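J.: Take the sequence shown: its position 131, counted from the start at 1, is 358 in the numbering used here, and no numbers get skipped.
Ideal placement from N, C-alpha and C gives every residue a C-beta, glycine not left out.
Only a predicted model underlies this, so the values are computations on that prediction, with no experimental measurement involved.
Here it is, the structure, as structure tokens.
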Amino acid sequence: MSNLNQAPFLSIVIPAYNEEHRLPPSLEKIVTYLREQQYASEILVVENGSSDATTAVVQAFIDRQLAADGKVRLLLLHSEPGKGAAVKSGMLAAQGEYRFICDADLAMPIEEIAKFLPPTQPGGSFDIAIASRELPGAVRYGEPVYRHIMGRVFNWLVRLLAVPGIQDTQCGFKMFTKEAAQTLFPLQRIDGWGFDVEVLYIARRRGMRLTEAPINWYYQRDSRVRPFHDTVNMVRELLKIRRNGNHGFYDLPSPLPTADELPAV
228 MSNLNQAPFL
238 SIVIPAYNEE
248 HRLPPSLEKI
258 VTYLREQQYA
268 SEILVVENGS
278 SDATTAVVQA
288 FIDRQLAADG
298 KVRLLLLHSE
308 PGKGAAVKSG
318 MLAAQGEYRF
328 ICDADLAMPI
338 EEIAKFLPPT
348 QPGGSFDIAI
358 ASRELPGAVR
368 YGEPVYRHIM
378 GRVFNWLVRL
388 LAVPGIQDTQ
398 CGFKMFTKEA
408 AQTLFPLQRI
418 DGWGFDVEVL
428 YIARRRGMRL
438 TEAPINWYYQ
448 RDSRVRPFHD
458 TVNMVRELLK
468 IRRNGNHGFY
478 DLPSPLPTAD
488 ELPAV
């Protein structure tokens, strides 16, 4: 039976920049998993300035799935450049009661998503559930030592300046309730890699409940993160978050998205 006419329980938002090779197998794994679940779901792939065939391969995948059974709603959207811009567009377009940011490389196996949903996370017990590679029970596979050290140094800065108490703000897998997403993402100002720290910073300022879930995580050798270059940029964005907070930009009521902010289909 098709779930396309049901309001989705879960939305998965995948930012996609030049992902013609990694996205098709990841989408296949995600759709296979979601077909086995009892709840209605949707996947929103948000392409953001790609110069390869990302749009074409995603649209072809969507066409094949619709022809097969249509149990999982799939949407291809377009946003301004930047991972933050893509995630913001996807979160504002999503319809699910729970909305999950998922990296295209699927470094966290999709089966782990159950750790972010009821009954593992009791309903009403959190606003944001953050995937953690640092909590007891988490396992990292294949990560070079230098990458781990750089990540810990940056996380120390994040805890010092923006989001105290969270051990892994950088992991690209996070679950938001519908209410949290609708409150936080209209206030997001950063379009680059530091967007998730910004969103968590705003959430803390607004008294939202943040929790972490330990995951299994597999290092991807073709990761798009450029360790030194992106770390410098993220530190700059971290300082920008602090300035924005000091100016009270995050304390304003959450604005409704304008026509320019809504993603293009």
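When you compare only the Cα positions, how much space is there between A356 and D423?
T.: Taking the first residue of the sequence shown as position 1, residue 356 is located at position 129. Taking the first residue of the sequence shown as position 1, residue 423 is located at position 196. Distance between the alpha carbons of A356 and D423: 12 Å.
J.: Quick check on M377: does DSSP put it in helix, strand or coil?
T.: Within the sequence shown, the letter at position 150 stands for residue 377. The answer is helix: DSSP assigns M377 an H, G or I state.
J.: Ordered along the chain, which non-local residues of its own chain (more than five positions away) have a Cβ less than 6 Å from that of D395?
T.: For the purposes of this step, residue 395 is taken as residue 168 along the sequence shown, with counting starting at 1. Once the five neighbours on either side are set aside, the close Cβ partners of D395 are S359, R360, E361.
J.: Residues in the same chain with beta-carbon distance under 7 Å from L388, minus the five sequence neighbours each way, listed in chain order, please.
T.: Position 161 of the sequence shown, counted from the first residue, corresponds to residue 388. Within the same chain, L388 has close Cβ partners L465, R469.
J.: Roughly how many angstroms separate the alpha carbons of A260 and A312, rounded to a whole number?
T.: Taking the first residue of the sequence shown as 1, we reach residue 260 at position 33. Taking the first residue of the sequence shown as 1, we reach residue 312 at position 85. First, the amino acid is wrong: residue 260 is Tyr here, not Ala. Distance between the alpha carbons of Y260 and A312: 27 Å.
J.: Please state if the CB of I429 and the CB of I337 are separated by a distance shorter than 7 Å.
T.: Position 110 of the sequence shown, counting from 1, holds the residue named residue 337. Position 202 of the sequence shown, counting from 1, holds the residue named residue 429. No, the Cβ-Cβ distance between I337 and I429 is not below 7 Å.
J.: Would the stretch 274-283 and the stretch 363-383 be scored as touching if the rule is three or more Cβ pairs under 8 Å?
T.: As far as the Cβ criterion goes, the stretch 274-283 does not touch the stretch 363-383, which means the pair count is below three.
J.: Taking the alpha-carbon positions, what's the I328 to V372 distance?
T.: Within the sequence shown, the letter at position 101 stands for residue 328. Within the sequence shown, the letter at position 145 stands for residue 372. For I328 and V372, the distance between alpha carbons rounds to 26 Å.
J.: Which residues mark the beginning and the end of the alpha helix (DSSP H) in which I429 is found?
T.: Walking along the sequence shown from the start, residue 429 turns up at place 202. I429 -> alpha helix (DSSP H) spans 422-432.
J.: Return the bridge partner residues of W444 from the DSSP annotation.
T.: Mapped onto the sequence shown, residue 444 falls at position 217. Looking at the DSSP assignment, W444 forms a beta bridge with R367.
J.: Just to confirm my understanding: we take F236, look at its own chain, exclude 5 residues before and 5 after, and list those with CB closer than 8 Å. What are they?
T.: Locating residue 236 in the sequence shown gives position 9, counting from the first residue. Contacts found: Y266, A267, S268, G323, E324, Y325.
J.: Note down, in chain order, each residue of its chain lying with its Cβ closer than 6 Å to the Cβ of R436, except the 5 sequence neighbours on either side.
T.: For the purposes of this step, residue 436 is taken as residue 209 along the sequence shown, with counting starting at 1. Hits under 6 Å: F353, D354.
J.: Quick check on the burial criterion: 16 or more other C-beta atoms within 10 angstroms. Buried or exposed for P349?
T.: One-based indexing of the sequence shown puts residue 349 at position 122. Counting Cβ neighbours within 10 Å, P349 comes out exposed, since fewer than 16 surround it.
J.: Between M318 and F403, which are expected to be in contact by the criterion C-beta below 8 Å, what is the C-beta distance as a whole number of angstroms?
T.: Here residue 318 refers to the residue found at position 91 when the sequence shown is read from its first residue. Here residue 403 refers to the residue found at position 176 when the sequence shown is read from its first residue. With a Cβ gap of about 7 Å, M318 and F403 count as contacting.
J.: 7 Å is my cut-off, CB to CB: does V272 come that close to chain D?
T.: Any reference to chain D falls outside this structure, which holds one protein chain only.
J.: Looking at the structure shown, is A486 part of a helix, part of a strand, or coil, going by DSSP?
T.: Taking the first residue of the sequence shown as 1, we reach residue 486 at position 259. For A486, the predicted model reports a pLDDT of 47, less than 50, meaning its position is unreliable; a value from the coordinates is still stated below. A486 falls in the coil class under three-state DSSP.
J.: Which of the three DSSP states, helix, strand or coil, is assigned to R249?
T.: The sequence position of residue 249 within the sequence shown is 22, counting from 1. Reduced to three states, the DSSP call for R249 is coil.
J.: Which residues mark the beginning and the end of the alpha helix (DSSP H) in which R360 is found?
T.: Taking the first residue of the sequence shown as position 1, residue 360 is located at position 133. It is not in any alpha helix (DSSP H) - R360 carries neither H nor E in the DSSP assignment.
J.: In the DSSP assignment, the alpha helix (DSSP H) including K310 goes from what residue to what residue?
T.: Position 83 of the sequence shown, counted from the start, is the residue given in the question as residue 310. Counting along the chain, the alpha helix (DSSP H) containing K310 begins and ends at 310-320.
J.: Pick helix, strand or coil for R416, following the three-state DSSP scheme.
T.: Against the sequence shown, residue 416 aligns to sequence position 189. R416 falls in the coil class under three-state DSSP.
J.: Starting from T281, trace the alpha helix (DSSP H) both ways and give me its first and last residue.
T.: By 1-based counting over the sequence shown, the position of residue 281 is 54. Run containing T281: 281-295, per the alpha helix (DSSP H) assignment.
J.: Among the candidates K467, G392, H375, I376, whose CA atom is the shortest distance from the CA of W420?
T.: Taking the sequence shown and counting its residues from 1, one reaches residue 420 at position 193. Considering only alpha carbons, the answer is K467.
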